[in-house]
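Input: a single structure, listed below in structure tokens.
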Amino acid sequence: AGADLREDHSVLAVEEGEDGVAVRARTDAGEATTGSSSEPTTETFHAQMVVGADGPVSTVRRECGLPEPGEKLQGLLGFSTETEPADFVDVHLTAPSFFAWRIPRGEAGTEYGLAAPPGESANELFDRFTTEYGIDVGEVCAGMIPIDPPDRVTGHRSLLIGDAAAQTKPFTGGGIVYGMTAADHAAREVDPRDPASLAAYERAWRADLSTEIRLGAWIRRAYSLPEPLQKVGLRALSGEIDVHMDKPTSVFSTDQLKAFLSRS
Numbered sequence: 003a004g005a006d007l008r009e010d011h012s013v014l015a016v017e018e019g020e021d022g023v024a025v026r027a028r029t030d031a032g033e034a035t036t037g038s039s040s041e042p043t044t045e046t047f048h049a050q051m052v053v054g055a056d057g058p059v060s061t062v063r064r065e066c067g068l069p070e071p072g073e074k075l076q077g078l079l080g081f082s083t084e085t086e087p088a089d090f091v092d093v094h095l096t097a098p099s100f101f102a103w104r105i106p107r108g109e110a111g112t113e114y115g116l117a118a119p120p121g122e123s124a125n126e127l128f129d130r131f132t133t134e135y136g137i138d139v140g141e142v143c144a145g146m147i148p149i150d151p152p153d154r155v156t157g158h159r160s161l162l163i164g165d166a167a168a169q170t171k172p173f174t175g176g177g178i179v180y181g182m183t184a185a186d187h188a189a190r191e192v193d194p195r196d197p198a199s200l201a202a203y204e205r206a207w208r209a210d211l212s213t214e215i216r217l218g219a220w221i222r223r224a225y226s227l228p229e230p231l232q233k234v235g236l237r238a239l240s241g242e243i244d245v246h247m248d249k250p251t252s253v254f255s256t257d258q259l260k261a262f263l264s265r266s
């Protein structure tokens, strides 16, 4: 496909110019030694555009002066050795404004996860959650979960995709499908020779995903409702009603409304 893959490189700086971009990266493959001090080896790459698909703490986003996501949650994930059939998920709406989960992964063990807003003690909440199950997950992975895309994810010769653009489901934090959808739009709409084509990418991905993201944000607000109301909502959406997790608007489809009304 013409791609030149460089491993062990970390982007340090991005400079957008009228005719292209310059990306300075550090290579972890070695260091240049000057006198008694060691300095990182850097390399500068030149291209027509730069794509920031570098996660929630995006260097490309920062270097290009693009706005931050509306919110970043603290996520924690760990595994225990207990094995159970991988046919159900436990969800706990106990984490402030988000949730904790327990997912059996068959022979791989059981996954425990939690996300919470900044300012909350995610580690303390996670310890409390796993203690309720009487297990020790050992090593825990931590990371940021971006929620709420900024008003702009494109610069003069730059664009963001995936977690860097907060193209995620507000009610689960998942972003693989939304990120791949946005990448498809970028591949179709963006012409690296023409910065004006970035506007078409902005329009296309938002037209496809913005309604789902807005409705997902409303679903997330329901996590903070009193528990009796939560149970009523879950009971109403159980059984024959099959909502597509990546498309919350599917709950308003004709088939779903018929299924809901037939049970009321």
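The sequence shown runs contiguously to residue 266 in the working numbering.
Beta carbons: idealized from backbone N, C-alpha and C, even for Gly.
CA nearest to the CA of residue i, picked from the options
i: E9; options: A27, A202 and G22; result: A27
i: P2; options: E73, E126 and E45; result: Within the shown structure, residues of the chain are numbered from 3 to 266, placing residue 2 beyond reach of any answer.
i: L14; options: L7, T29 and D21; result: T29
i: E141; options: P71, L7, A49 and L78; result: L78
i: T112; options: A118, V91 and T96; result: V91
i: G108; options: E126, D89 and P197; result: D89
i: R208; options: E134, H187, D6 and P172; result: H187
i: G136; options: L95, E84 and P119; result: E84
i: W220; options: P172, L161 and G22; result: P172
Cβ pair residue i, residue j closer than 9 Å
i: T156; j: G218; result: no
i: Y225; j: S99; result: yes
i: F128; j: A102; result: yes
i: G80; j: T43; result: no
i: I163; j: V59; result: no
i: M182; j: Q76; result: no
i: G177; j: D165; result: yes
i: L200; j: Q169; result: no
i: V93; j: T61; result: no
i: R130; j: Y114; result: no
i: A206; j: R190; result: yes
Residue i versus residue j: straight-line alpha-carbon distance, rounded
i: M51; j: E18; result: 8 Å
i: E214; j: A185; result: 17 Å
i: R63; j: G121; result: 23 Å
i: E66; j: R159; result: The identity of residue 66 in the sequence shown is Cys, whereas the question assumes Glu. Approximately 9 Å between the Cα atoms of the pair.
i: T46; j: S12; result: 11 Å
i: A24; j: I149; result: 29 Å
i: R223; j: L116; result: 17 Å
i: C143; j: R154; result: 30 Å
i: V49; j: A55; result: Val is not the amino acid found at residue 49; the sequence shown has Ala there. Cα to Cα, A49 sits roughly 16 Å from A55.
i: P87; j: A110; result: 11 Å
i: E20; j: A198; result: 12 Å
i: A118; j: A97; result: 6 Å
i: S38; j: V179; result: Residue placement at S38 is poorly supported in this model, since its pLDDT is 45, which falls under 50; the coordinates are not used for a value here.
i: E57; j: E126; result: Reading off the sequence shown, one finds Gly at residue 57, where the question assumed Glu. If you take the alpha carbons of G57 and E126, they lie about 25 Å apart.
i: P106; j: P69; result: 38 Å
i: P71; j: L7; result: 28 Å
i: D196; j: A124; result: 44 Å
i: E134; j: A5; result: 48 Å
Where the beta strand (DSSP E) through residue i begins and ends
i: H11; result: H11 to E18
i: L161; result: S160 to L162
i: D138; result: Taken as a continuous stretch (DSSP letters only), D138 belongs to no beta strand (DSSP E), as it is neither H nor E.
i: D92; result: D92 to H94
Residue i - DSSP class collapsed to helix/strand/coil
i: A238; result: Per-residue confidence for A238 stands at a pLDDT of 49, beneath the threshold of 50, marking its modelled position as unreliable; no derived number is given.
i: L7; result: coil
i: Y225; result: helix
i: R107; result: coil
i: M51; result: coil
i: V62; result: helix
i: Y203; result: helix
i: E113; result: strand
i: F2; result: This structure does not reach residue 2, given that the chain is present from 3 up to 266, and the question cannot be answered.
i: E70; result: coil
i: T1; result: Lying outside 3 to 266, the shown extent of the chain, residue 1 is not represented and no answer is given.
i: A198; result: helix
i: G145; result: strand
i: D89; result: coil
Extent of the continuous alpha helix (DSSP H) run through residue i
i: R2; result: Only positions 3 to 266 of the chain appear in this structure, which leaves residue 2 out of reach.
i: V179; result: I178 to E191
i: D129; result: A124 to E134
Heavy atom of the ligand COA within 8 Å of residue i beta-carbon
i: P87; result: In the structure shown, the ligand COA is absent, as is every other ligand, since no ligand is present at all.
Chain D within 9 Å of residue i, Cβ atoms only
i: F173; result: Absent here is chain D; the protein component of the structure consists of one chain.
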